[in-house]
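Residue numbers (the UniProt record's numbering): 1 to 326.
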C-alpha cells in the first residue's frame, strides 16, 4: 500500500518558498497542509486551498502537521525552529540554520533532546550535475583540491525580499548567505574543513559583496571558495583535482537555460531527503547546518578586509570595525 502523505506546513512565503510549494505539489508522498506569513498579500493566493495563518504559533497549536518547512528571513530561522521543535514537529529549515554558531548548536541539542528531526536545506547538494560528479569520483583516489564558484548579482535574485541586503537580518552578505551552500559542497567532497584564510570586500553599507575563502581538511586537501554578489550574470560550478592529477567539474546551471531553472529539481531533492529522514527512525538530525555556520563565522573572523574594488583597508580604519555585518 502507498504510504500516507506527510502533512507539511510552510512558514515564510518569500522568494524561495515557491520552490518548496512546487516540490510539495509534485510529490504524492507529501501534502501541503498549512502556510504561514505575516503579510496578507503573501497568503492571498493560497486562501481556500490550505489553512492560512499569520502567526506560526497558532499554526503549530492547531495541529495536523507531520513536519514544517521554515523559509523565512535568515534572522528568524533560529527562533522559528525553536518553536517548531518545542511543538514536537520535525523541521526542514532553509540555509543558514541560524545566524550564530551558538544558536545552531542549541537547536541541534534541542532536536536531539526531543528526538525530533532537524534538517538544514542545502539545495545545491541535490543538483544533478553535482551529484553526477560525486558519483563519478573513483573509489580509493582522494580528492586533493576543490574549487567552488558561486557568482551572481544578488539584486537579480531576491525579488521583494530586501532583507538579504540588511546584515542584521541576513547575517552578513555573500559569505553569510551563499557561503553555506558553497562550504557544504566543499565539505561533501573533502569531509570536515577549517578556514585557512578569507579575503572579503564590502560595499559602503558594510555588506560583503565578494569573498575568496580558502579551506583546508585534516589531511591537507584544500578548497577555494569564490563568492560574488556583484557578478554580471550567474556562474555556479565545482571543480575537483584528484590526488593522481585527474580533474573533473560540474556546472550547476548546465542544462537549465532559464533563470533559476535548476532550483525546481534541487528543492524536490531537498524535500525527498527530508522525507527519507522522517520515515527512517534512526536518522534524527543533520550536522551540515552547524558545520556551515562554523565555517561562515570562521571566515568572518579571519577575513582580510578590503574596500569595494578589492583595495586593502588599513587596520584600524572606520571600515575595519570589528564584527561589521555580523
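Glycine included, every Cβ here is placed at the ideal spot set by N, Cα and C.
Three-state secondary structure (DSSP) of residue i
i: residue 109; result: helix
i: residue 200; result: strand
i: residue 20; result: helix
i: residue 193; result: strand
i: residue 114; result: helix
i: residue 230; result: strand
i: residue 186; result: helix
i: residue 151; result: strand
i: residue 271; result: helix
i: residue 303; result: strand
i: residue 137; result: coil
i: residue 242; result: strand
i: residue 57; result: helix
i: residue 47; result: strand
i: residue 85; result: helix
i: residue 288; result: helix
i: residue 167; result: helix
i: residue 179; result: helix
i: residue 99; result: coil
i: residue 74; result: helix
i: residue 161; result: coil
i: residue 173; result: coil
i: residue 104; result: helix
Beta-carbon spacing of residue i, residue j below 8 Å
i: residue 67; j: residue 11; result: no
i: residue 97; j: residue 290; result: yes
i: residue 142; j: residue 296; result: no
i: residue 148; j: residue 193; result: no
i: residue 158; j: residue 15; result: yes
i: residue 57; j: residue 83; result: yes
i: residue 175; j: residue 78; result: no
i: residue 208; j: residue 171; result: no
i: residue 327; j: residue 266; result: As shown, the chain starts at 1 and ends at 326. That puts residue 327 outside it, with no answer to give.
i: residue 136; j: residue 130; result: no
i: residue 251; j: residue 237; result: yes
i: residue 50; j: residue 30; result: no
i: residue 94; j: residue 134; result: no
i: residue 146; j: residue 190; result: yes
i: residue 169; j: residue 74; result: yes
i: residue 235; j: residue 151; result: yes
Beta-bridge pairing of residue i - partner residues as DSSP gives them
i: residue 69; result: 10, 92
i: residue 52; result: 35
i: residue 251; result: 237
i: residue 222; result: 145, 216
i: residue 121; result: 94
i: residue 208; result: 202
i: residue 30; result: 6
CB-CB length for residue i against residue j, believed under 8 Å
i: residue 278; j: residue 117; result: 6 Å
i: residue 59; j: residue 9; result: 6 Å
i: residue 70; j: residue 80; result: 5 Å
i: residue 177; j: residue 164; result: 6 Å
Minimum Cβ-Cβ distance from residue i to chain C less than 8 Å
i: residue 114; result: No chain C appears in the structure shown, which is made up of a single protein chain.
- Message: Can you confirm whether the region 228 to 235 touches the region 201 to 210 when touching is taken to mean that 3 or more C-beta pairs between the two stretches lie within less than 8 Å?
- Response: yes
- Message: Below 8 Å, how does it come out for the region 256 to 275 and the region 19 to 28: are there three or more Cβ pairs, yes or no?
- Response: yes
- Is there contact here, the region 237 to 247 with the region 128 to 142, by at least three beta-carbon pairs under 8 Å? yes
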